[in-house]
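S.K.:
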Amino acid sequence: MTTKTAPPTPAKAPGENRLRRTFSALGAAQAYIGLVLILAVGIATKGDIFLNETNLTNAVGAFASRGILAVGVTLVILTGGIDLSVGSLLGIASMTAAMMLSKHSLEPWQIVPICMVVGAFFGFLNGAGTAWLRIQSFVMTLAMLSVVRGLDRQVSDNVSVGTQIAGPDGKLTPQAEAFQLFGTPGHNLFDRIYYPVLAFIVVCVVFHLILTKTRFGRHVYAVGGNPTAARLSGVNVTAITIAVFTLSGMLAGFAGPIDAAYSASADPQAGQSYELDAIAAAVIGGASLAGGKGTIAGTFVGALILTLLDNVLGLNAVSDNWQLVIKGLIVVVAVVLQRPDLFKFFRGGSRS
Amino acid sequence: MTTKTAPPTPAKAPGENRLRRTFSALGAAQAYIGLVLILAVGIATKGDIFLNETNLTNAVGAFASRGILAVGVTLVILTGGIDLSVGSLLGIASMTAAMMLSKHSLEPWQIVPICMVVGAFFGFLNGAGTAWLRIQSFVMTLAMLSVVRGLDRQVSDNVSVGTQIAGPDGKLTPQAEAFQLFGTPGHNLFDRIYYPVLAFIVVCVVFHLILTKTRFGRHVYAVGGNPTAARLSGVNVTAITIAVFTLSGMLAGFAGPIDAAYSASADPQAGQSYELDAIAAAVIGGASLAGGKGTIAGTFVGALILTLLDNVLGLNAVSDNWQLVIKGLIVVVAVVLQRPDLFKFFRGGSRS
Amino acid sequence: MTVLTMRAIGKSFPGVRALDGVSLTVAEGEVVALLGENGAGKSTLMNILAGVFKDYEGEIEIGGRVAHIHSPKDARRHGIAMIHQELNLVPELSIADNIFLGRERAILDRKAMEARTAELLRGLGLDLSPRRLIKQCKIAERQLIEVAKALSQNVRVLVMDEPTSALADAEVQRLYAVIRDLTGRGVAVIYISHRLEELEEIADRVVVLRDGTYVGERSEVDRDELIQMMVGRPLGEMFPRADGGGSGVELLKVEGLSVPGEPGSGRTPLREVSLSVRAGEIVGVAGLMGAGRSELLEAIFGVHRPAAGSMSLGGRPYRPRSPKGAIRRGVALVAEDRKAQSLVLGNTIAFNASLPSLGRLLRLGTVDAKREQAAVERQVNELRVKAPGTRFTVGNLSGGNQQKVVLAKWLLTSPSLILMDEPTRGIDVGAKAEIHALMSSLAAGGKGVLVASSELPELLAMCDRILVLCEGRITAEFSRGEHPTQEAILEAAMARQKVTTL
Amino acid sequence: ASKAPGPSTSADGGEKKKFVVGYSQSNNAEPYRAQLNLQLQHFMKKYPDIELLPIADAKQSSATQVSQVQNFVTQKVDALIVSPTEPAPLTAAVEQACQAKIPVIVLDRTVNTDCYTAFIGGDNVLIGKKAGEEAVKLLPDGGNVVELRGIMSNQPQIDRDKGFREAIAANPKIKIIADREGKWLKEQATPIMQQWLAQHEKIDLVYGHNDPMALGAYLAAQAAGKAEQIKFIGIDGLAIPDGGIRAVQLGQLSATFIYPTGAEEAAETVNKILHGQEVEKKQVLGTTQVTKDNAAELYKKYDLSGQG
Ligand SMILES: Nc1ncnc2c1ncn2[C@@H]1O[C@H](COP(=O)(O)OP(=O)(O)OP(=O)(O)O)[C@@H](O)[C@H]1O
Ligand SMILES: Nc1ncnc2c1ncn2[C@@H]1O[C@H](COP(=O)(O)OP(=O)(O)OP(=O)(O)O)[C@@H](O)[C@H]1O
Ligand SMILES: [Mg+2]
Ligand SMILES: [Mg+2]
């Protein structure tokens with residue numbers, strides 16, 4: 001018996017493998033079908049109005065701050081948690097930015113780090129509650145949503161704070177002028193690269209690299225995919241959990257000034273219900289709320305689907321009520337189209 | 001071997017077992033500590049105003065329709081899903097009720113079943129999308145939230161429909177009079193048992209019994225705990241999934257008329273963001289969003305915590321901004337207090 | 001030279017004293033086997049060594065110095081690696097990612113990781129791409145990947161908790177070669193297994209635990225004596241099946257059954273499988289890893305949709321569209337992977353055991369808790385599940401006891417045909433004998449038993465007939481009367497069709 | 001403070017009695033309502049024998065507001081002010097208070113019952129009409145108008161739309177070429193306006209149901225370089241740095257219309273009621289058009305930032 005050393009069965013037949021690789025590449029392409037569909041509808045119905053640099057920049061720009069939130073939320077979702085507080089964190093960060101600008105005349109490059117620290121601080125609390133006190137992240141971040149919104153409203157006295165601050169000469173102060181770059185609609189940076197869009201893309205690229213190329217990224221997937229295995233492999237599950245919530249908060253803080261600049265003011269209600277958009281982008285992009293599954297590329301596509309869908313419906317002057325209906329339907333269609341194994345319901349008990 | 005029948009270790013040592021039973025009873029009692037805390041604060045600060053039948057009825061009555069949603073959401077959460085559409089379903093059901101009453105002068109006992117069917121229909125679609133198309137329930141029900149809200153607004157033409165319909169004599173029609181019983185604040189049924197509260201309690205009891213005493217209930221827990229094992233044990237996972245969403249929709253339909261009667265009108269926006277309250281009640285009550293864990297009793301306690309907390313803060317005339325802050329903090333404290341193993345972070349690797 | 005000393009180790013869980021004053025020493029280059037009944041505390045002892053538990057009683061010394069091990073990281077720092085009883089891999093990550101999990105460089109060096117992974121896999125005879133996702137790997141492959149993961153570290157002490165429970169002989173032999181190579185380099189190995197013949201082959205010393213206490217140790221493996229030590233009483237014949245059975249009417253007939261594989265899932269396709277099981281007969285299914293044994297049992301149980309072929313059960317056509325339909329016809333499947341396929345780990349023993357048979361425990365439409373309790377308790381006691389009660393959480397049971405709960409669950413449905421996929425995986429010798437006795441008595445009671453097992457001696461001793469699968473095809477059939485040898489079965493199991501290899 | 005209100009209590013000597021007044025606001029976090037709160041607190045301070053409890057915020061939820069009213073009734077406040085989120089839901093609650101013999105002042109939005117002591121509020125149809133008249137003035141040759149609406153089912157939205165359409169009917173050459181729900185929010189209005197600018201060659205005037213929406217549209221037009229060609233009309237005219245009056249001063253809005261808070265009138269009315277004086281049951285407040293000329297003056301008049 002010990003003499004027979006022929007490998008029992010080749011675990012991989014080359015032909016089969018090639019087939020599989022093709023399939024999985026197709027699967028990846030499939031993720032974009034929903035987006036392509038929406039682009040196609042946009043082009044078919046509104047040709048050049050839709051497929052126009054300004055229109056696309058505007059559409060993505062309006063969603064950029066939510067898109068940035070979605071990246072942070074994706075991190076949290078990957079570990080199997082959820083972050084409902086990002087909308088509130090964006091709100092308090094945008095308020096912080098507007099106040100720093102109006103009360104203390106800080107420069108934008110000072111404001112952004114401060115806002116990120118503010119967001120990261122509350123994010124850290126989320127992580128600590130989840131990891132140390134082991135509160136379900138849904139409850140922890142829902143509580144944080146409430147607490148931070150209360151603080152936001154309290155510091156602002158429920159009044160919105162404008163960012164277009166005029167100096168004694170009636171013109172915008174240099175700080176306010178510079179701050180506008182962060183997001184005033186239509187503003188250009190590097191000739192037609194609009195800061196919010198740029199920031200969103202950069203955030204996506206950075207976090208894509210972090211997730212795919214670094215140890216931290218592997219650990220994030222491991223914590224969400226199998227926390228026990230992660231722990232037994234020496235992954236510091238607590239630290240990773242705290243880190244993703246902190247990063248999510250930090251990104252919300254980063255998105256705050258963008259939101260404030262976009263509206264030229266920080267509203268005490270700013271960011272309300274953004275968390276739903278952010279989570280939706282991640283989940284439409286294929287992230288699983290069970291954890292361990294999802295990519296930044298997917299979230300990016302999910303965000304584009306949401307914002308371009310809005311744009312296409314708006315350009316076609318669909319009534320607001322029907323927009324709600326059609327939007328829901330198309331999201332379902334887009335998600336279904338992304339699934340390669342669509343019509344094989346429940347074939348074979350999956351082993352996971 | 002077959003002769004020695006003494007089991008190696010008795011499967012149950014009586015003394016040990018008693019100990020464990022006591023322990024688990026204590027664990028159960030612990031679940032109420034958060035609630036007790038809030039009651040204590042209420043009594044300490046506002047004594048008889050708080051601990052007053054009318055006040056308590058009012059407080060619970062205001063939350064009753066959301067409490068009923070929470071029961072349905074608990075079912076869905078137990079199977080490992082989530083239902084974000086319940087707020088919209090409540091909205092369309094309340095609109096249905098108001099229209100049936102105002103346009104067709106139907107009797108309340110005809111209206112309620114119709115509303116339940118309407119809710120169950122959309123709930124069924126949620127289930128079908130989740131089970132058959134295998135769309136993540138978060139996406140499916142988020143899309144449904146949007147679609148149903150759009151329909152609701154469309155059928156109502158964006159105008160709220162009143163339920164206090166006066167006949168030619170200037171008095172309420174008999175149907176409208178009867179409809180008021182469903183929830184007009186302060187109304188009594190059976191001398192001081194207020195219908196919304198009664199309905200909420202009855203729904204809780206019925207679904208508690210269904211979950212604990214029936215095969216269906218066991219299957220719900222099995223599907224949430226391990227869908228593969230459930231399927232291989234002969235559970236029709238698809239059917240259970242569809243059933244819980246349908247029941248959740250049906251309960252939202254049932255809550256619709258209560259909400260309409262409470263507000264004496266169906267607003268096209270009615271129920272908006274109720275889903276968060278409903279999910280929060282379930283999760284504060286111990287339901288795990290991972291599925292397989294949770295009870296109706298817990299959800300009931302969670303609902304009471306939320307509503308009495310609001311009530312106590314309101315009675316104490318805490319400013320609203322601080323209310324948001326304090327509410328968030330207390331929810332965290334209440335949830336933490338419910339955990340018996342609070343300070344033993346990560347002690348002992350659980351086998352799961 | 002002694003590398004590891006564990007002194008007076010104790011550990012309690014709520015309501016369970018799992019370990020009490022156990023000591024253990026291991027020398028360099030030595031293979032020490034841990035033996036004991038299910039729930040004796042073997043895994044707990046080793047988990048303490050691997051840093052799974054934060055607190056415990058007693059002291060650990062490594063290389064002569066006291067080691068404070070309270071986390072997996074501590075354990076790794078002291079050169080301890082462990083292959084856990086339950087597979088611990090992240091399904092969505094690749095093989096390479098899993099092997100290096102927790103030890104990556106801050107910026108991943110994919111190339112180096114994949115090269116090293118490929119090398120490790122080759123050493124274990126696995127020809128898999130390092131980029132393959134774990135969820136696409138078969139159970140046996142996963143187990144070998146766990147081995148590779150442990151080997152990839154620079155270890156002084158390697159703990160293997162039932163590393164072979166999912167492996168067939170060929171892979172087991174390869175594992176032995178690896179272990180010998182390691183011990184040659186001075187690595188100490190602690191090896192847990194319920195397969196006594198393995199201990200004979202690989203262990204230098206056997207340490208026996210019973211009920212969380214140290215019983216004794218032997219350098220010479222004498223099976224009867226070891227059994228006596230671990231069970232506390234002598235055990236009769238290992239495989240008690242007498243000749244007989246197989247004379248009944250045909251119970252299950254499968255003809256030309258084909259099931260397509262699924263791209264990406266690593267499932268073996270079945271090709272035109274025909275077989276029959278008569279009432280009172282025990283039929284074995286042998287084959288190498290990935291031969292399609294589990295697939296076959298699952299197909300009969302209605303888990304997969306067959307593309308072609310027909311089945312009949314008890315003379316009537318049998319076309320189960322789901323496990324539910326199969327169960328209704330009196331078929332039961334003890335699935336291969338208890339954790340993933342059989343148990344709701346977070347729930348109680350009673351909940352799990354009664355799940356498929358709730359239909360007969362109903363009274364007025366509700367579950368009759370008293371009858372449920374009684375039925376489950378009887379079955380669980382019969383199988384000698386070591387647990388404080390039927391309300392104990394299944395996830396906190398020892399591996400073998402979990403397996404017993406799975407058996408109890410299916411016996412409660414009183415099946416007429418029971419399909420068993422590796423039914424004695426992780427089961428101690430005593431309980432194994434009981435399960436064998438149980439199979440015999442089921443057969444004697446006119447039931448049919450179809451059992452897939454990687455342990456050929458078990459099949460040879462128990463079965464009236466043995467079918468051999470290779471790449472989803474039946475390549476041979478032996479009846480008890482033919483007195484088949486292991487070699488003959490293995491040869492059939494490797495009778496690959498040349499055409500399919502490319 | 002469990003005494004029923006009436007002239008008898010505080011008027012006759014003895015120790016000075018302090019009246020307790022509760023106020024339920026539909027949503028604190030709207031700049032307009034924040035302003036209202038501020039003003040109410042300010043004007044209430046004029047009456048030392050009246051204590052205004054912390055303002056209760058319903059956060060746009062009728063259910064919350066109903067229970068707030070019930071809380072105040074339970075506490076037996078001496079007078080109650082309510083700014084209903086929606087008329088119908090609050091009707092029963094107001095009736096409850098009325099039955100408990102608590103005087104109720106309904107501020108800003110109505111309820112469907114007569115069982116209250118006084119109603120104080122602006123007239124949204126009138127404001128819409130004024131805005132429409134201003135549009136007619138701004139577009140003598142007619143033109144294309146886009147309309148940013150508040151939440152569709154909100155009564156002010158319905159009224160402001162109605163009045164506006166009635167007024168612009170005066171000039172048939174003025175057409176509303178598009179209208180959408182901006183939900184009262186600035187950040188909703190901006191992308192909508194961007195889409196309109198992409199769709200329509202010529203937009204002459206933007207009518208926003210509140211200033212933030214009009215300003216959100218302004219931002220979009222400014223970015224597209226079309227802000228000069230388009231006129232913007234808003235409503236609210238808040239005297240805050242970020243508000244409509246300032247925007248008119250800066251030339252961003254052509255005009256806005258002050259939606260009166262009624263805080264001063266409410267404080268006055270409460271005082272009268274508590275001291276047993278007659279009050280007018282329905283007090284409809286007018287509006288003031290904010291133009292470049294009167295903006296500075298109006299800002300000063302309504303600015304309360306220095307006074308807490
Ligand atoms: N997390 C836990 N909570 C409660 N009890 C536990 C836990 N882990 C183990 N036990 C108990 O400790 C005892 C020893 O279990 P252990 O897993 O060490 O047994 P084992 O010897 O490895 O058995 P097997 O051969 O079945 O794997 C068992 O009674 C088990 O129920
Ligand atoms: N639905 C599934 N998803 C993923 N893997 C599966 C699925 N079904 C079966 N498998 C895996 O495919 C392997 C292939 O199969 P099969 O069961 O046919 O082989 P086997 O002869 O039983 O081999 P083994 O000894 O590994 O169990 C199984 O071991 C199982 O782990
Ligand atoms: Mg073990
Ligand atoms: Mg198998």
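Protein chains in written order, with our numbering: chain A, 1 to 352; chain P, 1 to 352; chain S, 1 to 502; chain F, 1 to 308. The beta-carbon is built from N, C-alpha and C at its ideal position, and this holds for glycine as well.
1) Kindly indicate if chain S contains any beta-carbon less than 9 Å away from that of Met1/A.
2) Taking all protein chains shown into account, do 16 or more other C-beta atoms lie within 10 angstroms of the C-beta of Gly72/A, making it buried, or fewer, making it exposed?
3) Quick one: which residues of the segment 292-310 of chain A get their C-beta closer than 7 Å to a C-beta of chain S? List them in chain order.
4) According to the Cβ coordinates, are Ile134/S and Arg142/S closer than 9 Å?
5) Give me the Cβ distance between Ser24/F and Ala58/F, rounded to the nearest whole Å; I'm assuming they're in contact under 8 Å.
6) Pull up the distance between the alpha-carbon of Gly127/A and that of Gln323/A, whole angstroms please.
7) Between Leu75/P and Ser248/P, is the Cβ-Cβ spacing less than 9 Å?
8) At the level of alpha carbons, what is the spacing between Arg149/A and Gly91/A?
9) For Ile111/A, count neighbouring Cβ atoms within 10 angstroms of its own Cβ and tell me buried if that reaches 16, exposed if not.
10) Please go through the same chain and pick out, in chain order, the residues whose beta-carbon is closer than 6 Å to the beta-carbon of Val249/S, but skip the five residues on each side of it.
11) Quick one, which residues of the segment 57-82 of chain S are near chain A if we go by CB-CB under 7 Å, in chain order?
12) Could you give the first and the last residue of the continuous beta strand (DSSP E) run that contains Phe257/F?
13) Measure from the C-beta of Ile92/A to each C-beta in chain P and report whether the shortest distance is under 9 Å.
14) For Ser329/A, go through chain P and note every residue whose CB falls closer than 8 Å to its CB, in chain order.
15) Nearest chain P C-beta to Asn321/A closer than 9 Å, yes or no?
16) Can you name the start and end residues of the alpha helix (DSSP H) that Gly217/A belongs to?
17) Please check if any C-beta of chain A sits within less than 9 Å of the C-beta of Val335/P.
18) Have a look at the DSSP bridge pairing and note the partners of Lys231/F.
19) Run through the segment 92-151 of chain A for me and flag every whole beta strand (DSSP E) of 3 or more residues, listed as ranges in chain order.
20) Please state whether DSSP places Ser156/A in a helix, a strand or coil.
21) Tell me the DSSP secondary structure of Asn396/S in three-state form.
22) Using the Cα positions of Val90/S and Lys138/S, report the straight-line distance between them to the nearest angstrom.
23) In chain A, what lies closer than 8 Å to Ala63/F by C-beta?
24) Quick one: does Val235/A have its CB under 9 Å from some CB of chain S?
25) What residues does ligand 1 have around it, judged by CB closer than 5 Å to any heavy atom, in chain order?
26) Mapping the DSSP letters down to three states, classify Pro317/S as helix, strand or coil.
27) Could you check whether the Cβ of Tyr221/P sits closer than 9 Å to any Cβ belonging to chain S?
28) Between Met99/P and chain A, is the shortest Cβ-Cβ distance under 9 Å, so that the two count as touching?
29) Could you round the C-beta distance between Met364/P and Val332/A to whole angstroms and report it? I think they count as a contact, below 8 Å.
30) State whether the segment 419-433 of chain S contacts the segment 59-70 of chain S, with contact taken as three or more CB pairs (one from each stretch) at a distance under 8 Å.
31) Spatial neighbours of Gly330/S within its chain, please: CB distance less than 6 Å, with the 5 preceding and 5 following residues excluded, ordered by chain position.
M.R.: Walking through what the data contain:
1) Its pLDDT being 34, under 50, Met1/A is placed unreliably by the model, and the measurement read from it follows with that caveat. Met1/A counts as touching chain S.
2) Gly72/A is buried by the Cβ-count criterion.
3) Gly292 and Lys293
4) yes
5) 6 Å
6) 37 Å
7) With respect to the 9 Å criterion, Leu75/P and Ser248/P are classified as neighbours on the basis of their beta carbons.
8) 7 Å
9) buried
10) Ala279
11) Pro72, Lys73 and Arg76
12) Ala255 to Ile258
13) no
14) Strictly speaking, residue 329/A in this sequence is Leu, with Ser absent from that position. Here the neighbours are Ala143 and Val147.
15) yes
16) Arg215 to Gly225
17) yes
18) Leu205/F
19) none
20) helix
21) helix
22) 14 Å
23) Simply none; closest approach about 17 Å.
24) At least one chain S Cβ lies under 9 Å of Val235/A.
25) Phe13/S, Val16/S, Ala18/S, Asn38/S, Gly39/S, Ala40/S, Gly41/S, Lys42/S, Ser43/S, Thr44/S, Asn396/S, Leu397/S, Ser398/S, Gly399/S and Gly400/S
26) strand
27) Output row for Tyr221/P: interface = yes.
28) With 9 Å as the cut-off, Met99/P does not count as an interface residue toward chain A.
29) Lying outside 1 to 352, the shown extent of chain P, residue 364/P is not represented and no answer is given.
30) no
31) Exclusion of the five residues before and after Gly330/S leaves Pro415 and Ser416 as the residues of its chain whose Cβ lies within less than 6 Å of its Cβ.
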